[in-house]
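Scroll down for the structure; my scribbles are underneath it.
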Amino acid sequence: MKYLLIMQIDPAVLESLTEAQGREIETGHGRFMEEITRTGELIGTQALADPSRSAVVSVRDGATTVTDGPFVEAKEYMGGFYVIDVETPERAYELAAKIPDAGIEGLAVEVRPVVFTAGFGLTEPEES
Amino acid sequence: MTDRTLEDLLRECAPQVLGVLVSRFRQFDLCEDAVQEALLAAATAWPESGIPEEPVGWLVTVARRRLTDLWRSDSARRRREEAVAVDPAGTVDLEAPAIDDSLEMLLLCVHPDLTEASRIALTLRAVGGLTTAEIARAFLVPEATMAQRISRAKATIGAGGGFTLPADVRTERLAAALHVLYLIFNEGYTASAGPGLTRVDLSAEAIRLTRMLHRLLPADGEVAGLLVLMLLTDARRDARTDADGRMIPLAEQDRAGWDHAAIRDATALLERTLARREVGPYQLQAAIAAVHAEAPTDADTDWRQIEILYRLLEECTDNPVVTLNRAVAVGMAYGPERGLEVLDRVAGDRRLARHHRPDAVRAHLLDRLGDHEAAREHFRRAARATLNLAEKRYLEDRARRAGSAATPPPDDDPGT
């Protein structure tokens, strides 16, 4: 079963971290990636730019509007994610707890099941 | 010869060749690599030279040579020393494999130290002869992820890889092997592949391996039961989706679209099995599938018989999903109120928390009872909770139609 581990971040919390804490998060993610690569559970991971770099695109009556900023103004945003493939929800929670963000006040990791997957080089188009 | 028959032949030989090597040299991981390379060599050579008289012997010879090459590499030196200890004089006659080692191979692949996902992957590779890329595609994970999973699994077995198992361990392993085959079948049966994607047909592969197991163990009732269950389920394959790929529940399927020849063969096998042997969970599930298969129309379904079979199944498994299935059967046989009574007994089971199935069953029973508003709400809850997209669409549709059409009973849930 595939799960999306969503790093819910608060930019203000991240900015208030000490340099040592920041370094610890980086090395923590490195260790985490190594571990779940070794166990054959990592599908992929991506980190996202600051929400201030987001743009929201909508089309109404054929006209496209592009608005700067995130879809919903909030304190917390999706900062990045891991896609993992594990046996049980409990294992997904266990892995989520190993992500350094989970241990920092004001940040958390959200775990959601994946119900459809395509692309990412996971399948090859049919030869015709 | 066609590519197809060559491929089938190679995959049939694969577990036997691997069995021969592993039984002599123990080192599962190295042996498996060597066999994969021998299979590749055969796929290149045989279309030119023709199939050798002893294909397994040919493959063993090539794999054995390749194994020697692997031992020469520095990284494998330590393991080579261990292997020499197993067969110090190198006297084992590798050219003449006398026994079919496929069964031993299967039992090895479901080693208790492996996770379920690893057992599945290793079984498909070492017994099924599929490539890592094919297995990765079938489970929609990157090839590197699957390769890592398989090599870890091989290393785990390599460390504790005894090949002859005591009788009590064999019984446990066989049960684990049946479960793995059952999971492979279900993965293939419920998978929703996008258009234009080639994926190995996992249901067909599970049936092929279960047939092989049945040939090796013809007296085992549960092996036969699992095979029948797969064949009966697979016989409905073409009738269970419409032209747009939407799910059609068993009750609404066009029974003319079922494979009746396959159903006849499968039920005949089931009758031979049930008459002679102690009944287990796979035989009971096969018997339930047979009751459905034998009804000429949905209205002819013998729900009382199905209810009895679920009761027997409840006695030999501790799985609340079985009770949910029985609630549906009770509802059909004795009315929705009685079905709801059975449902209420398991609805609070901790193992069903966040599961969509109790809501789907309740919605169906409430709809038949005439409480369409409540039914609609439970159909919606079930639709939100299910992790299967085809089922989600189906349940949303039921929520819209609650009260306006006869509600068919939800299909049996395999409960894995």
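Chains U and X, in that order, give the protein sequences.
Here UniProt numbering is used: position 116 in the first sequence is 116, and no number is missing along the way.
Here UniProt numbering is used: position 410 in the second sequence is 410, and no number is missing along the way.
Even for Gly, the Cβ is constructed at its ideal location relative to N, Cα and C.
In the three-state reduction of the DSSP assignment, lysine 2 of chain U falls in the strand class.
Of the residues assessed, lysine 2 of chain U falls on the buried side of the cut-off, its CB having 16 or more other CB atoms within 10 angstroms. For alanine 204 of chain X, not one C-beta of chain U is nearer than 8 Å to its own C-beta. Residue state for leucine 122 of chain U is assigned as coil, using DSSP reduced to three classes. Taking the Cβ atoms as the reference, alanine 34 of chain X lies roughly 15 Å from leucine 10 of chain X, outside the contact range of under 8 Å.
One finds Leu387, Asn388, Leu389, Lys392 in chain X with Cβ atoms closer than 8 Å to the Cβ of valine 115 of chain U, taken in chain order.
Boundaries cannot be given for serine 52 of chain U, as no beta strand (DSSP E) includes it and DSSP labels it neither H nor E. Distance from the CA of threonine 301 of chain X to the CA of alanine 268 of chain X, rounded to the nearest whole angstrom, comes to 19 Å. By the rule that beta-carbons nearer than 8 Å mark a contact, threonine 39 of chain U touches chain X.
Where isoleucine 99 of chain U is concerned, there is no enclosing alpha helix (DSSP H), because DSSP gives it neither an H nor an E. Residue burial is scored here from C-beta neighbours: histidine 356 of chain X has at least 16 other C-beta atoms within 10 angstroms and is therefore classed as buried. Taking C-alpha positions only, alanine 262 of chain X is separated from arginine 236 of chain X by approximately 10 Å.
Apart from sequence neighbours up to five positions away, no residue of its chain approaches glycine 103 of chain U with a beta-carbon distance below 7 Å.
The three-state reading of DSSP puts glutamine 27 of chain X in coil, since its state is none of H, G, I, E or B. Residue pairing for threonine 241 of chain X: DSSP places it in a beta bridge opposite X:Met247. If you ignore the 5 residues before and after aspartate 254 of chain X, its C-beta comes within less than 7 Å of the C-beta of Ala239, all in its own chain and listed in chain order.
Those residues of the stretch 134-145 of chain X placed with their C-beta closer than 7 Å to a C-beta in chain U are Arg137, Leu140, Val141, Pro142, Thr145, ordered along the chain.
C-alpha of glycine 119 of chain U to C-alpha of glutamate 116 of chain X: approximately 25 Å in a straight line. Secondary-structure assignment with DSSP links glycine 44 of chain U through a beta bridge to U:Val83. If one requires a minimum length of 4 residues, the alpha helix (DSSP H) runs lying completely within the stretch 321-386 of chain X are 336-346, 357-369, 372-385, in chain order. Rounded to whole angstroms, the gap between the alpha carbons of valine 72 of chain U and leucine 14 of chain U is 19 Å.
Taking 9 Å as the Cβ-Cβ cut-off, the stretch 41-71 of chain U approaches chain X at Glu41, Leu42, Ile43, Gly44, given in chain order.
A Cβ of chain X is located within less than 8 Å of the beta carbon of leucine 122 of chain U. Inter-residue distance for serine 404 of chain X and aspartate 298 of chain X is about 19 Å (C-alpha atoms, whole angstroms). Closer than 8 Å to the CB of glutamate 35 of chain U there is not a single CB belonging to chain X. The Cβ of arginine 304 of chain X sits no closer than 8 Å to any Cβ of chain U. When rounded, the separation of the alpha-carbon atoms in leucine 21 of chain X and valine 60 of chain X is 7 Å.
Straight-line spacing of the CA atoms in threonine 65 of chain U and valine 56 of chain U works out to 8 Å. Taking 8 Å as the CB threshold, arginine 311 of chain X stays off the interface with chain U.
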